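Residue numbers (the numbering used here), protein chains in the order written: chain A, 31 to 410; chain B, 31 to 410.
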DNA sequence: TGAAATAATGACAGCGTTGTCAATTTTAGG
DNA sequence: CCTAAAATTGACAACGCTGTCATTATTTCA
């Protein structure tokens, strides 16, 4: 099931654009690779390539770095030699000599629920491999009073060219200004802000929340409980807005008491649910802003002997592993995190290479995954 | 609750032993770090330190690398200069010049349940940071026909000094022989094999399984179902052995039909449970070899209207996030994964530095975490 | 066709370390 | 106090690449 996306442009693909040919090439295995001990078998250097191609090392360098002003015929000669010798530029030498480090940092929150980070990691890793960059990790425990210090140390000691900031790290303006001050490009998984040249990717959280709310309304639910997430995540506000918009679109009155605060944790989902179910007229459906809280909702409802979905429909967000491992399996909203992270990291690499980066808004579509935790309203 | 550990030596601590002072130092922030744009503010080099200390650069290099044959007074002078200038050796130059890369690879299975990898990652990252190494990641999807090729490419293209192999990757002998051929040191989370100088750390899986089985027996259970895990994991066999030993120790007859195969997945836990509950005399307690399967067990039991733990006690292994997010919360076995990974990576770094490595068996203790999914036997 | 402008290529000096090997200082032993 | 051995220190050449700037083709335009 794939509910309608928003009317804004949906941007996809992890294409990285033209550039360094070498880094792209997935070289075949060679005898040299196979030789026991890379410490003995010497890898070919730029000199070997230059000699074989009959040009200077500088020209080889130009070809490798996709610089302009190389005759097409020359480029082909060099490329052939590179292929012949299975040449790969030595990163240490490049770094030592040039101004770039070929390293991208990924700063993430180190939470209990790791599936989001896992997906981001997979996407970023893929883009880095494709682009010839190395990915370095900085796990952060929040809240962290030394946040800025830690980030600063990471950036300066690890010699980073750029940084990827997934949610919620990408929402910290303090980190953004630090990186701006340090003149380090960064890319965020977050709704874009003012800057025209900023790098960011996000998904239509608000729309997804609207969709899932509408889905419940279509099943006959009118009393809709909503459990907010940790306000530190920008998504928390967007999801709430989507809920509100759906209410309005269906002329359902907004009741303040149907909305509870949570912190994205299992426990907070439970206590919010307790408050909701204690109402004189409790909701027949509860929208939790993530799956952990939805699991808490199910837990709490079960404690009270409520049947799901007969007595209470429950939906979550994020389609984390737990969503399909609890009973009943959760109806939830899935984001294409891996693709988003890959695309985002690709954008950052483009920028680091000085390639032009499309400045239009980059928006991915979420969609509702329907499972057994939701059903038509049966109670009064 | 902490059930008895085995009688073998329990090894702990992430201590790394004497060595490179520089990499250890967590340098304070300096004006230089703070200066906007590390591209402009030049970092001090070995020459600056040498001049300030009044020695040659080679002597500085010796101090930094903790080489022998440096007079104590000289070492102190150099150290003082290093501190003064906030000097840190340039990795690119070190790599280019020397024979080491200061990079450790982590090869892991990229599963749905990521919490194990997350913990390993955290531990390895910590040790790498302390030791001045960079951690590079290779996620692998299993089964993978190109396994060896992928690993080979990773090792040779990423210029690794050593590799960390968590479970189940550490159980692949093909990878071990490849790395041995390539002359790349590696360290495994796995029971040790024959080699005396191998690097490995593991926990007492067999004992933990014995303990949890004994725990159930103590609660009055006699008909104990057991769901095996994926045979690719060495832990699968050990956990089964612990179960068998506990049966024997309590003079409970072993029934083949009480043991079902699983693959560590939620689904396989469900179908194994179906088979167990279909028996004429179904078990009153089920031991699943991991939490996902235990969740499947709970799911299936619920489908049949069984109450947990009144009608059926359930235990899992690993204390993954799901264990505390389902109803009822799972009694399970927790391993100190983060500590194990940190210690293991520390050992690898020691070896890479040529320091002596303690060759005794390194064993960590697991323990049973008691939650609501288990209780005394009530049914006949 | 010739001169100026432009495109293409190359020579060479770093980049900041470590390895090698020689030089110097200190220690030990008579 | 002298000598050999051992400990300590230093000079300098790599390491493999990129940046700078000079040089050499090629094209353009009058």
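Don't be surprised by glycine CBs; every beta carbon is placed ideally from N, CA and C. Since the model is a prediction, treat every value here as computed from it, not as a measurement.
In chain A, which residues lie less than 9 angstroms from residue i when you measure between Cβ atoms?
{"i": "residue 306 of chain B", "result": "Those do not exist, as residue 306 of chain B stays about 18 angstroms from chain A at its closest Cβ, beyond 9 angstroms."}
{"i": "residue 157 of chain B", "result": "Residues of chain A passing the Cβ test: none, with the nearest at roughly 13 angstroms."}
{"i": "residue 152 of chain B", "result": "140, 169"}
{"i": "residue 164 of chain B", "result": "133, 164, 166, 188"}
{"i": "residue 220 of chain B", "result": "Result: empty, since nearest Cβ-Cβ is about 22 angstroms, beyond 9 angstroms."}
Can you tell me the Cβ-Cβ gap for residue i and residue j, rounded? I've got them flagged as a contact below 8 angstroms.
{"i": "residue 220 of chain A", "j": "residue 201 of chain A", "result": "6 angstroms"}
{"i": "residue 156 of chain B", "j": "residue 385 of chain B", "result": "Residue 156 of chain B to residue 385 of chain B, Cβ: 19 angstroms. No contact."}
{"i": "residue 389 of chain A", "j": "residue 360 of chain A", "result": "That belief does not hold up - the Cβ atoms of residue 389 of chain A and residue 360 of chain A are roughly 37 angstroms apart, past 8 angstroms."}
{"i": "residue 330 of chain A", "j": "residue 303 of chain A", "result": "4 angstroms"}
{"i": "residue 111 of chain B", "j": "residue 83 of chain B", "result": "4 angstroms"}
{"i": "residue 242 of chain B", "j": "residue 398 of chain B", "result": "5 angstroms"}
{"i": "residue 169 of chain A", "j": "residue 115 of chain A", "result": "Actually they are not in contact, since the Cβ atoms of residue 169 of chain A and residue 115 of chain A sit about 39 angstroms apart, beyond 8 angstroms."}
{"i": "residue 277 of chain B", "j": "residue 314 of chain B", "result": "In fact, because the Cβ distance is near 14 angstroms, the residues do not count as touching under 8 angstroms."}
{"i": "residue 396 of chain A", "j": "residue 238 of chain A", "result": "4 angstroms"}
{"i": "residue 198 of chain A", "j": "residue 139 of chain A", "result": "6 angstroms"}
{"i": "residue 367 of chain A", "j": "residue 149 of chain A", "result": "4 angstroms"}
{"i": "residue 214 of chain B", "j": "residue 185 of chain B", "result": "6 angstroms"}
{"i": "residue 233 of chain B", "j": "residue 393 of chain B", "result": "7 angstroms"}
{"i": "residue 387 of chain A", "j": "residue 229 of chain A", "result": "7 angstroms"}
{"i": "residue 354 of chain B", "j": "residue 326 of chain B", "result": "No, residue 354 of chain B and residue 326 of chain B are not in contact; Cβ-Cβ is about 17 angstroms, not under 8 angstroms."}
Just the chain B side, please: which residues come within less than 7 angstroms of residue i by C-beta, in chain order?
{"i": "residue 227 of chain A", "result": "The premise fails here: residue 227 of chain A is roughly 18 angstroms from chain B at the closest Cβ pair, so nothing lies under 7 angstroms."}
{"i": "residue 125 of chain A", "result": "122"}
{"i": "residue 329 of chain A", "result": "357"}
Use the C-beta contact count for residue i: other C-beta atoms within 10 angstroms, 16 or more gives buried, fewer gives exposed.
{"i": "residue 223 of chain B", "result": "exposed"}
{"i": "residue 98 of chain A", "result": "exposed"}
{"i": "residue 309 of chain A", "result": "exposed"}
{"i": "residue 135 of chain A", "result": "buried"}
{"i": "residue 340 of chain A", "result": "exposed"}
{"i": "residue 127 of chain B", "result": "exposed"}
{"i": "residue 60 of chain A", "result": "Note that residue 60 of chain A scores a pLDDT of 41, beneath 50, so its modelled location is shaky and nothing firm can be said."}
{"i": "residue 113 of chain A", "result": "exposed"}
{"i": "residue 406 of chain A", "result": "exposed"}
{"i": "residue 207 of chain B", "result": "exposed"}
{"i": "residue 335 of chain B", "result": "exposed"}
{"i": "residue 77 of chain A", "result": "exposed"}
{"i": "residue 337 of chain A", "result": "exposed"}
{"i": "residue 172 of chain A", "result": "exposed"}
{"i": "residue 101 of chain A", "result": "exposed"}
{"i": "residue 408 of chain A", "result": "exposed"}
{"i": "residue 422 of chain A", "result": "Limits of chain A in this structure are 31 at one end and 410 at the other, which puts residue 422 of chain A out of reach."}
List the endpoints of the continuous alpha helix (DSSP H) containing residue i.
{"i": "residue 217 of chain B", "result": "No alpha helix (DSSP H) holds residue 217 of chain B; the beta strand (DSSP E) holding it covers 216-219."}
{"i": "residue 139 of chain A", "result": "Element bounds for residue 139 of chain A: not the alpha helix (DSSP H) but the beta strand (DSSP E), 133-139."}
{"i": "residue 354 of chain A", "result": "Careful: residue 354 of chain A lies outside any alpha helix (DSSP H) and carries neither H nor E."}
{"i": "residue 268 of chain B", "result": "264-279"}
{"i": "residue 84 of chain A", "result": "Residue 84 of chain A -> no alpha helix (DSSP H), and no H or E assigned at all."}
{"i": "residue 376 of chain A", "result": "367-382"}
{"i": "residue 160 of chain B", "result": "145-161"}
{"i": "residue 181 of chain B", "result": "177-188"}
Applying a beta-carbon distance threshold of less than 7 angstroms, which residues of chain A neighbour residue i?
{"i": "residue 148 of chain B", "result": "144"}
{"i": "residue 177 of chain B", "result": "Near residue 177 of chain B there are no residues of chain A at all, since even the closest Cβ is about 13 angstroms away, more than 7 angstroms."}
{"i": "residue 371 of chain B", "result": "What residue 371 of chain B touches in chain A: nothing, since even the nearest Cβ is about 13 angstroms away."}
Return the first residue and the last residue of the beta strand (DSSP E) that residue i is part of.
{"i": "residue 164 of chain B", "result": "164-170"}
{"i": "residue 364 of chain A", "result": "362-364"}
{"i": "residue 255 of chain B", "result": "254-257"}
{"i": "residue 229 of chain B", "result": "229-233"}
{"i": "residue 194 of chain A", "result": "192-195"}
Could you work out which residues of chain A lie near residue i, taking near to mean beta carbons separated by less than 8 angstroms?
{"i": "residue 354 of chain B", "result": "296"}
{"i": "residue 325 of chain B", "result": "355, 356"}
Interface residues of chain B around residue i at Cβ under 8 angstroms?
{"i": "residue 336 of chain A", "result": "What residue 336 of chain A touches in chain B: nothing, since even the nearest Cβ is about 12 angstroms away."}
{"i": "residue 332 of chain A", "result": "357"}
{"i": "residue 83 of chain A", "result": "Correct list: empty, because the minimum Cβ distance to chain B is about 22 angstroms."}
Find the residues of chain B that neighbour residue i, judging by a C-beta separation of less than 9 angstroms, and give them in chain order.
{"i": "residue 322 of chain A", "result": "351, 355"}
Query raised in the report: Counting Cβ pairs, one atom from each stretch, are 3 or more of them under 8 angstroms apart for the region 152-164 of chain A and the region 127-134 of chain A?
Result: yes
Query raised in the report: Do three or more CB pairs link the region 176-193 of chain B to the region 281-292 of chain B at distances below 8 angstroms?
Result: no
Query raised in the report: Counting Cβ pairs, one atom from each stretch, are 3 or more of them under 8 angstroms apart for the region 287-297 of chain B and the region 251-264 of chain B?
Result: yes
Query - the region 240-252 of chain A / the region 201-218 of chain A touching (three or more Cβ pairs under 8 angstroms) - result: no
Requested in this report: Please confirm if the region 344-363 of chain B is in contact with the region 309-324 of chain B, defined as three or more CB-CB distances below 8 angstroms between the two stretches.
Outcome: yes
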